[in-house]
Amino acid sequence: MAIGVDVLASIDPEYLEDSFVYVHCKFDIPTPGMLIRIWRTTVLNDCHSSGQSQLIHAENISYAPQWTMLPNEGKYSFLLIFSALPKTCTQFDLIEQIPEAGGFVVKNIARNKTDIYSVNID
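For the sequence shown, the numbering used here begins at 108 and goes up steadily by one.
Written out as structure tokens, the structure is:
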């Protein structure tokens with residue numbers, strides 16, 4: 108999966124010389140009229156160390172406190188870009204750390220060489 112030039116251009120230049128982790132998220136829309144958002148406190152946690160990657164950029168989803176209105180049915184996709192994982196990381200969790208119930212959690216994502224992932228959000 109390629110990352111669009113417009114997405115790369117919107118990232119703060121201080122991050123462009125570093126490596127990133129790209130997480131393409133797919134969300135099954137359970138009910139019409141649903142809203143979705145992502146908190147800036149969303150992280151990737153290394154399953155075998157205290158290593159943590161911070162959310163740098165989100166595409167096609169609003170940052171809290173704003174909301175994104177979803178279509179009435181189907182799947183909704185968005186992209187999350189994180190800072191690099193520790194080189195020793197082999198497995199990680201995506202965790203939306205928020206002060207309320209309902210944060211996104213995807214456990215035990217196996218690390219690959221490209222650091223580009225596609226996950227389903229339940």
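Where is the CB? At the ideal position from N, CA and C, for every residue including glycine.
What are the partner residues of residue i, as DSSP defines its beta bridges?
| i | result |
| --- | --- |
| Leu199 | For the record, residue 199 in the displayed sequence is Phe; it is not Leu. Looking at the DSSP assignment, Phe199 forms a beta bridge with Asp153 and Ile216. |
| Thr175 | Ile143 |
| Ala165 | Leu187 |
| Ile223 | Tyr129 |
Nearest by alpha-carbon distance to residue i: which of the options is it?
| i | options | result |
| --- | --- | --- |
| Tyr224 | Glu203, Leu187 and Ala208 | Leu187 |
| Glu180 | Val226, Asn219 and Leu142 | Leu142 |
| Ile205 | Val114, Pro172, Pro178 and Asn219 | Pro172 |
| Asp229 | Gly209, Arg218 and Lys194 | Gly209 |
| Cys132 | Phe189, Thr197, Lys220 and Thr195 | Phe189 |
Please state whether the Cβ-Cβ distance between residue i and residue j is less than 8 Å.
| i | j | result |
| --- | --- | --- |
| Cys154 | Phe199 | yes |
| Gln161 | Asn152 | no |
| Ile145 | Glu203 | yes |
| Leu201 | Val226 | yes |
| Phe134 | Tyr183 | yes |
Does residue i come out as helix, strand or coil in the three-state DSSP assignment?
| i | result |
| --- | --- |
| Asp229 | coil |
With a threshold of 16 other CB atoms inside 10 Å of the CB of residue i, please say whether the residue is buried or exposed.
| i | result |
| --- | --- |
| Ala165 | buried |
| Arg147 | exposed |
| Thr149 | buried |
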